[in-house]
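Visitor:
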Amino acid sequence: MNLLVLGPQGAGKGTQARRISEAYGIPHVSTGDMFRALDDSTELGRKVKAIMDAGDLVPDDVTVAMIQERLAQADAENGFVLDGFPRNLAQADALDAMLGAIGRTLDAILFFDVPDDIGLQRALSRAAIENRSDDTVEAITRRLELYHRETEPIVEHYRATGKLIPLHAERSIDEVWDEIDDALKVVS
Ligand code: AMP
Numbered sequence: 498m499n500l501l502v503l504g505p506q507g508a509g510k511g512t513q514a515r516r517i518s519e520a521y522g523i524p525h526v527s528t529g530d531m532f533r534a535l536d537d538s539t540e541l542g543r544k545v546k547a548i549m550d551a552g553d554l555v556p557d558d559v560t561v562a563m564i565q566e567r568l569a570q571a572d573a574e575n576g577f578v579l580d581g582f583p584r585n586l587a588q589a590d591a592l593d594a595m596l597g598a599i600g601r602t603l604d605a606i607l608f609f610d611v612p613d614d615i616g617l618q619r620a621l622s623r624a625a626i627e628n629r630s631d632d633t634v635e636a637i638t639r640r641l642e643l644y645h646r647e648t649e650p651i652v653e654h655y656r657a658t659g660k661l662i663p664l665h666a667e668r669s670i671d672e673v674w675d676e677i678d679d680a681l682k683v684v685s
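Every position in the sequence shown, counted from 1, becomes a number in this note's numbering once 497 is added.
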């Protein structure tokens, strides 16, 4: 199964993507996790860290190349759950092209919609727990602004494919999981 989780920060995408990964035996591919894992003693690592700390987006060419390489690895042969990518229309087009070139398509796009105030609140409480250096109020606000401007338009791009599955993402983790599991049983 080739899956995508889509939605603003604090919507619970990462939590549910990890659960999907375990339950369905497909890798959780998170661009945020991959960027955080870069060695910041390298020039690329330092550049990416500065961009992330400001809540801005890493350039598309860097991001798309990283994903292309990741999806070509053996563990993604039977599927993947993408988290944090694509984040704008250019990345969505690049993903369609890269999957098309290997005869694959997305099976479902799980859309986590939550009101801004709930997403903000959840992102701020995560900041207190995880100690991520990009979880400052400024970076969180900037990410939300970029989500509305750059990422939200791709919801319509995917709705047009008929494969978008909207979730009630403001519910509890277990309730959202039940919705996802029911939907994926039909897809798979
Ligand atoms: P996340 O963990 O998904 O919130 O991502 C953390 C940060 O990584 C973002 O604020 C961006 O700086 C960067 N990032 C993650 N995914 C992407 C992407 N698809 N395109 C550009 N930048 C990204």
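Where is the CB? At the ideal position from N, CA and C, for every residue including glycine.
#1: In chain order, which alpha helix (DSSP H) runs of at least 4 residues are fully inside the segment 573 to 618?
#2: Can you tell me whether glutamine 618 sits near the ligand AMP, meaning its C-beta is under 7 Å from at least one heavy atom of the ligand?
#3: Just tell me which of Leu681, Ala547, Glu540, Pro505 has its CA closest to the CA of tyrosine 644.
#4: Which runs of the alpha helix (DSSP H) spanning at least 4 residues fall entirely within the segment 530 to 555, listed in chain order?
#5: According to DSSP, is isoleucine 662 helix, strand or coil?
#6: Measuring CA to CA, which of Ala598, Asp678, Thr560, Arg623 is closest to phenylalanine 582?
#7: From this set, Leu579, Ala591, Ala547, which residue's C-alpha is nearest threonine 512's C-alpha?
#8: Any heavy atom of the ligand AMP closer than 7 Å to the Cβ of methionine 549?
#9: When the Cα of valine 555 is compared with those of Ile564, Val545, Ala562, which residue comes out closest?
Guide: Taking the geometry as given:
#1: 586 to 598
#2: no
#3: By alpha-carbon distance to tyrosine 644, the top candidate from Leu681, Ala547, Glu540, Pro505 is Pro505.
#4: Listed in chain order, the alpha helix (DSSP H) runs fully inside the segment 530 to 555 are 540 to 551, counting runs of at least 4 residues.
#5: strand
#6: Thr560
#7: Leu579
#8: Flag set: Cβ of methionine 549 near the ligand AMP.
#9: Val545
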